[in-house]
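Colleague: Quick note, the sequence shown lines up with residues 2 to 372 if you use this note's numbering.
One structure, as structure tokens, below. Some questions next.
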Amino acid sequence: MKKIVGFVGWRGLVGSVLLERIIKKKDFKNFKFVFFSTSQVGFNNLYLNNFFKNKFLKDAYNLEELKELDIILTCQGSAYTNQVYYKLRKCGWKGYWVDAASDLRMKDESIIILDPINREEIIKSLNKGIKTFVGGNCTVSLMLLALGGLFKNKLIEWISFSTYQAASGGGSGYILELLKQIIFLNKSLNKDFIASKSILEIEKNVTEISKKSNFPKKNSLVPLILNLIPWIDEDRNNGQSKEEWKMEFETNKILSLNKKDKISIDGTCVRVGSLRCHSQSFLIKLKKNINLLDIEQIIASDNKWVKIIPNNKKSSLENLTPLSVTGTLQIPVGRIRKLSIGNKYISAFSIGDQLLWGAAEPLRRMLNFLI
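Encoded structure:
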């Protein structure tokens, strides 16, 4: 008998990408499905009707209906999870909860899912009766996929990182606001103005426009276009953002490393003006001196999505940009070289689509794994 899967939060950014992937891979044939909504209960959704005729939306807060499901897959966010998850478990529901939100990641009852990296741990947890599985932080997942070979071979002593995270990492509101900022600047500038002014006058004018009080920046708080934001997520009151803290904490949980074996990982997370794809620069201290070709082979052989990019200008410009990776499952890793500070130190630069491998794809694969 086919399992019944309930989908919640499938209209948002991550949920939409997830649904696209499930439809593309024809996963729906493997299970029965019910679509839930927090705001449009009873609607026959037009988007869904393109694929599934007469699929009316059920109430995502109705515990009685949720209890009938074998699996709940939610991309609705932490507020929904905190309102429903614990009540549902308290009611005796024994099904599988698969979540994109962060609030359950650190609970002992949950496993962070990234099966190319921790498939064995997922299998062990299922055998132990664990029923809660949560997608990891996008930058953590992309880093582990990029450097998985080094992690699995226990070659990393520590990592210092700098991330360059896309607007979409903040949600659809960030993308729309970035586009509004483009429109705002476009309305204020014209060809005649650009043609008649010096470059310094143009620069000054654009800067003044960006600093206007009515410039669109409700989500980003400061302009993102022609700018960057050197802080992502909450302040942990120790000079570190929560996004930066997640890199070490989640990585060590995914790898099931204890205090004795844990890997130190720290750095700075920055929001930039690309639409999709998170980029990451790594300074890595290895536990031993390894030939550069061997390092590349270890990284490349870990999973089928990683692609080594030769460390030259042409290859880097063609293959190590957000535009070259957007919409794909590829994880290019380039700029790999030994650093002058010592033969155990290497640099690397990687990019991944955080809406795919960083969010939706681990959920889809976990769903199929449970099915």
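For glycine and all other residues, C-beta sits at the position ideal for the given N, C-alpha and C.
Please read these numbers as outputs of a predicted model, since none were measured by experiment.
Counting only the same chain and skipping the five closest in sequence on each side, list residues whose C-beta sits under 6 Å from that of valine 9.
Modeller: Against the sequence shown, residue 9 aligns to sequence position 8. Excluding positions up to five away in sequence, the list reads Phe37, Ala61, Thr75 and Gln77.
Colleague: According to DSSP, what are the bridge partners of proline 333?
Modeller: Here the question's residue 333 lines up with position 332 in the sequence shown. For proline 333, which the question treats as bridged, DSSP gives the partners Lys308.
Colleague: Thinking C-beta only, is valine 326 closer than 8 Å to cysteine 270?
Modeller: In the sequence shown, the residue the question calls residue 270 occupies position 269. In the sequence shown, the residue the question calls residue 326 occupies position 325. It is not a contact, given that the beta carbons lie outside the stated cut-off.
Colleague: Leaving out five residues before and five after lysine 288 in sequence, what residues of the same chain have Cβ atoms less than 8 Å from its Cβ?
Modeller: Sequence index remark: in the sequence shown, residue 288 carries index 287 (1-based). Excluding sequence neighbours, lysine 288 sits near Lys155, Leu156, Ile157, Glu158 and Lys345.
Colleague: Cα-Cα, which of Lys68, Lys260, Asp104 and Ile310 is closest to cysteine 92?
Modeller: Position 91 of the sequence shown, counting from 1, holds the residue named residue 92. Ranking the options by Cα distance to cysteine 92, first place goes to Lys68.
Colleague: Would you kindly check if the distance between the Cβ of isoleucine 160 and the Cβ of phenylalanine 350 is under 8 Å?
Modeller: Stepping through the sequence shown from its first residue, residue 350 is reached at position 349. Stepping through the sequence shown from its first residue, residue 160 is reached at position 159. Result no, Cβ atoms of phenylalanine 350 and isoleucine 160 do not sit closer than 8 Å.
Colleague: On the criterion of 16 or more Cβ atoms from any shown chain inside 10 Å, does lysine 247 qualify as buried, or is it exposed?
Modeller: Within the sequence shown, the letter at position 246 stands for residue 247. Classification of lysine 247: buried, given that the 10 Å Cβ count is 16 or more.
Colleague: Looking only at its chain, what residues have a beta carbon closer than 7 Å to the beta carbon of leucine 258, apart from the 5 residues adjacent to it on each side?
Modeller: Against the sequence shown, residue 258 aligns to sequence position 257. Here the set comprises Ile264.
Colleague: Among Arg90, Ile118, Thr133 and Ser142, which residue has its Cα nearest to the Cα of serine 111?
Modeller: As a working mapping, residue 111 is identified with position 110 in the sequence shown. The shortest Cα separation from serine 111 among Arg90, Ile118, Thr133 and Ser142 belongs to Thr133.
Colleague: When you compare the CB positions of glycine 172 and leucine 14, do they come within less than 8 Å of one another, or not?
Modeller: Walking along the sequence shown from the start, residue 172 turns up at place 171. Walking along the sequence shown from the start, residue 14 turns up at place 13. In this structure, leucine 14 lies closer than 8 Å to glycine 172 by Cβ.
Colleague: Should the region 300-316 be called in touch with the region 329-340, which here means at least 3 C-beta pairs below 8 Å?
Modeller: yes
Colleague: Span of the alpha helix (DSSP H) holding valine 85?
Modeller: As a first step, residue 85 is located in the sequence shown; it is residue number 84 there, counting from the start. Segment 79-91, the alpha helix (DSSP H) holding valine 85.
Colleague: Taking the DSSP output, what are the residues bridged to arginine 338?
Modeller: Position 337 of the sequence shown holds residue 338. DSSP, once it has assigned bridges, lists Ser348 as partnering arginine 338.
Colleague: According to DSSP, simplified to helix, strand and coil, what is threonine 140?
Modeller: For this step, residue 140 is matched to residue 139 along the sequence shown. Three-state DSSP puts threonine 140 in a helix.
Colleague: Give the DSSP-derived three-state secondary structure of serine 214 in the structure shown.
Modeller: By one-based count along the sequence shown, residue 214 stands at place 213. Reduced to three states, the DSSP call for serine 214 is coil.
Colleague: Distance, Cα to Cα, arginine 120 vs leucine 227?
Modeller: Here residue 120 is taken as the residue at index 119 of the sequence shown, counted from 1. Here residue 227 is taken as the residue at index 226 of the sequence shown, counted from 1. In a straight line, the C-alpha of arginine 120 is about 41 Å away from that of leucine 227.
Colleague: For the alpha helix (DSSP H) that serine 126 lies in, which residues bound it at each end?
Modeller: Walking along the sequence shown from the start, residue 126 turns up at place 125. 116-128 is the extent of the alpha helix (DSSP H) around serine 126.
Colleague: Nearest by alpha-carbon distance to serine 79: which of Ala167, Glu66, Lys59 and Met107 is it?
Modeller: Looking up residue 79 in the sequence shown gives position 78. With distances taken between Cα atoms, serine 79 lies closest to Met107.
Colleague: If I follow the unbroken beta strand (DSSP E) through glutamine 281, where does it start and stop?
Modeller: Mapped onto the sequence shown, residue 281 falls at position 280. 279-287 is the span of the beta strand (DSSP E), which, as asked, contains glutamine 281.
Colleague: Please report the residue range of the beta strand (DSSP E) in which tryptophan 98 lies.
Modeller: Position 97 of the sequence shown holds residue 98. Taken as a continuous stretch (DSSP letters only), the beta strand (DSSP E) holding tryptophan 98 covers 97-100.
Colleague: Fully enclosed by the region 161-210, which alpha helix (DSSP H) runs are 4 residues long or longer?
Modeller: If we require 4 residues or more, the alpha helix (DSSP H) runs fully inside the region 161-210 come out as 173-189 and 192-197.
Colleague: Can you check whether the CB of aspartate 234 is closer than 8 Å to the CB of serine 221?
Modeller: Along the sequence shown, read from residue 1 onward, the residue named residue 221 stands at position 220. Along the sequence shown, read from residue 1 onward, the residue named residue 234 stands at position 233. In this structure, aspartate 234 does not lie closer than 8 Å to serine 221 by Cβ.
Colleague: Anyone know if the C-beta pair for lysine 339 and isoleucine 347 falls short of 8 Å?
Modeller: Counted from its first residue, the sequence shown places residue 339 at position 338. Counted from its first residue, the sequence shown places residue 347 at position 346. Closer than 8 Å, so yes.
Colleague: Do you know offhand how far aspartate 153's Cα is from leucine 143's?
Modeller: Locating residue 153 in the sequence shown gives position 152, where the first residue counts as 1. Locating residue 143 in the sequence shown gives position 142, where the first residue counts as 1. The sequence as given places lysine at residue 153; aspartate does not occur at that position. Computed Cα separation, rounded: 15 Å.
Colleague: Is the distance from the Cβ of glycine 137 to the Cβ of glutamate 251 below 8 Å?
Modeller: For this step, residue 137 is matched to residue 136 along the sequence shown. For this step, residue 251 is matched to residue 250 along the sequence shown. Here glycine 137 is near glutamate 251, since their CB atoms are less than 8 Å apart.
Colleague: What residue from Ile342, Leu368 and Thr329 has the CA that sits closest to aspartate 354's CA?
Modeller: Counting from one through the sequence shown, the residue named residue 354 turns up at place 353. Nearest option by C-alpha distance: Thr329.
Colleague: Could you pull the DSSP bridge partners for lysine 108 from this structure?
Modeller: For this step, residue 108 is matched to residue 107 along the sequence shown. Answer is none; lysine 108 lacks a bridge partner.
Colleague: Tell whether a beta-carbon distance below 8 Å holds between isoleucine 300 and leucine 151.
Modeller: As a first step, residue 300 is located in the sequence shown; it is residue number 299 there, counting from the start. As a first step, residue 151 is located in the sequence shown; it is residue number 150 there, counting from the start. The answer is yes: Cβ separation under 8 Å.
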